[in-house]
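Residue numbers in the sequence shown follow UniProt numbering, run continuously in steps of one, and reach 133 at the last position.
Ideal Cβ placement from N, Cα and C applies to all residues, glycine included.
These notes concern the structure reproduced below.
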Amino acid sequence: MSGSGARQARPPKAARVAAYLGLVVLGAAVGSAGSLVQAAWFPLGLLLALLGTAGLFYGGLRATGTQLGVVAPAAGWVASVLLLSAGRPEGDGLFAGGLGEIVFLFGGAVLAVMCATMTRLPQPGGSSGRLGE
1 MSGSGARQAR
11 PPKAARVAAY
21 LGLVVLGAAV
31 GSAGSLVQAA
41 WFPLGLLLAL
51 LGTAGLFYGG
61 LRATGTQLGV
71 VAPAAGWVAS
81 VLLLSAGRPE
91 GDGLFAGGLG
101 EIVFLFGGAV
111 LAVMCATMTR
121 LPQPGGSSGR
131 LGE
């Protein structure tokens, strides 16, 4: 009956909310780790941080099958990166303001937009690729 286009039941709302909240937390963790790595091992650290960010955003899209699967980790990523880039009253800040930091900030934003606007390929066997199907 999988070839007839019958849709399977969606996962419970609590499971979807938990998945999206988990993606927000994971986005904050990847943003924090990327902020540290991109400055420590420039330029390979920058590449590693952007690859991790792209993997998170694309993985969220594939796991949930919705654009919200990209927006949730992107929100956590942006929040952590902005908090880490804001200086403290003493003048301390994680970002020094060089080219690597700018590429990381804008590159991550571009990756989020690219993943959110990707077309979702149909899954073999008629599954939509959504969480729980």
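Can you find the residues in the same chain that come closer than 7 Å, C-beta to C-beta, to residue i, ignoring five residues on each side of it along the sequence?
i: Gly34; result: Ala49, Gly52, Thr53, Phe104
i: Ala75; result: Val24, Gly27
i: Tyr20; result: Leu68, Ala72
i: Phe42; result: Gly100
Drop a sphere of 10 angstroms on the beta-carbon of residue i, count the other beta-carbons inside from all chains shown, and report buried for 16 or more, exposed for fewer.
i: Leu99; result: exposed
i: Gly60; result: buried
i: Val17; result: exposed
i: Met1; result: Since pLDDT at Met1 reaches only 46, below the 50 mark, its modelled position is unreliable, and the value read off the structure follows with that caveat. When all chains shown are included, Met1 counts as exposed.
i: Ala112; result: buried
i: Gly97; result: exposed
i: Thr117; result: exposed
i: Arg10; result: exposed
Distance check for residue j and residue i, CA to CA, integer angstroms please.
i: Cys115; j: Gly108; result: 11 Å
i: Ala79; j: Phe106; result: 14 Å
i: Ala29; j: Trp77; result: 7 Å
i: Leu46; j: Ala14; result: 36 Å
i: Val81; j: Glu90; result: 19 Å
i: Ser4; j: Thr66; result: Low local confidence applies: a pLDDT of 49 at Ser4 is under 50, so the model's placement there is unreliable, and no value is given.
i: Gly55; j: Gly22; result: 15 Å
i: Ile102; j: Ala39; result: 11 Å
i: Pro12; j: Leu44; result: 41 Å
Just confirm the distance between the C-beta atoms of residue i and residue j, as a whole number of angstroms; I'd bet it's less than 8 Å.
i: Phe57; j: Val70; result: 5 Å
What residues in its chain sit with their C-beta under 6 Å from that of residue i, if we drop five residues either side in the sequence?
i: Gly31; result: Trp77, Ser80, Val81
i: Thr119; result: none
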